[in-house]
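For reference, the structure is listed below as C-alpha cells.
In the numbering used here, the protein residues as written are 1103 to 1391.
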C-alpha cells in the first residue's frame, strides 16, 4: 500500500526561472537533471517528500503515448500546452508492481510499470545511483491530472538532510490541495488510489489521510474561503491547486518574501503565495506529522 505523499510535479515552462523564484521564496533547489525521454527537472527536497520542478527540455525525445503505456513526457508536454502548475501527484510505495496490480483490480490503472534510473550527486560531488518505479493511476473524471505511486529503489542515495534545510524554515508538506466542482464525485477514486480507510467527507469537500500528509479536494468556494484564492476552471474534474507547507515561523517566511519582493497575503492564520508559476503555496506554522 502507498505509505504517504512522496512528491508532486510542478510543470513549468522556464525551469531556471522557476528555480530562481523558489530560491527567492527561501527554498534550497537542486541542480538540473536530464531525463532520456525529454524532460528536465530540479528538486526541492524535504524529509521524505519533494517538489519536482519539471520542464520539457528536449521535445524531440518525448515518446508518443501507446496502448498499455503512459508517456510521462507527453503527459507533461500536453499539460504545459495549456498552463503551468501542479500536474501530477505521486504517493510513496514500497512495491510499485503490487500497487499497479491493486490499481488494475480497482479499474484505475493507467498503463504499464515505468522504471528508470539516473545518476545523482551528493553535496560533496560524489556520484550515486538512483532508480525509481512508477505505477500510474487515472481518475476518469480528471483527465488533466496525473497520479502515480513511486518506489525509490535506492532511497538512501536520494534523501539527504543537507538538501532539506531551507532558509525560510519550511519543514515539509502537510497536505496537497485540489479543487473540484463536486468533490464527492472523486471519493471512490481517492479511496482506491490511496488505499486509505481514513476518508472524510463534509459539505465542503473530501479528505484522504495517508501515512504522511493529506489530500484535500475542496469546492471552489471553500478554496476561496480557506485560502483566499480563486482558480479559473482548467478542465474537467479535480485539479491540483496548492501545497500546504509547515514552517517554523511565519514571520520569518513573511520577511523573506518581502525582502525578495514576492507577493503574499495573510489569510485565516496562514501565509498565502497565490501564483508561483501557476501553483499556490500555503505556509502554516507547525510541524509535519
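All C-beta atoms, glycine included, are put in the ideal place defined by N, C-alpha and C.
Close Cβ partners of residue i (< 7 Å) along its chain, the five nearest in sequence each way excluded
i            : result
residue 1168 : none
residue 1182 : 1113, 1115 and 1158
residue 1152 : 1109, 1145 and 1146
Nearest neighbour of residue i, chosen from the options [CA to CA]
i            : options                   : result
residue 1146 : 1242, 1126, 1234 and 1140 : 1126
residue 1157 : 1165, 1166 and 1178       : 1178
residue 1349 : 1330, 1374 and 1339       : 1374
residue 1235 : 1142, 1222, 1201 and 1208 : 1201
residue 1388 : 1243, 1346 and 1376       : 1346
residue 1106 : 1312, 1352 and 1357       : 1312
residue 1137 : 1218, 1297 and 1231       : 1218
residue 1206 : 1331, 1297 and 1244       : 1297
residue 1377 : 1261, 1248, 1353 and 1185 : 1185
Separation of residue j from residue i, as counted between CA atoms
i            : j            : result
residue 1317 : residue 1341 : 12 Å
residue 1328 : residue 1321 : 10 Å
residue 1161 : residue 1141 : 8 Å
residue 1310 : residue 1294 : 11 Å
residue 1325 : residue 1222 : 38 Å
residue 1176 : residue 1256 : 26 Å
residue 1243 : residue 1180 : 17 Å
residue 1271 : residue 1323 : 30 Å
Buried/exposed call for residue i, threshold 16 Cβ in 10 Å
i            : result
residue 1122 : exposed
residue 1204 : buried
residue 1276 : buried
residue 1187 : buried
residue 1264 : exposed
residue 1361 : exposed
Residues sharing a beta bridge with residue i, DSSP
i            : result
residue 1252 : 1194 and 1236
residue 1146 : 1153
residue 1386 : 1348
Own chain residues within Cβ distance below 6 Å of residue i, not counting five before or after
i            : result
residue 1319 : 1280, 1282, 1285, 1288, 1307, 1308 and 1340
Same chain only: Cβ atoms within 8 Å of residue i, ignoring 5 sequence neighbours per side
i            : result
residue 1132 : 1144, 1145, 1146, 1147 and 1265
residue 1211 : 1202, 1205, 1237, 1238, 1239 and 1240
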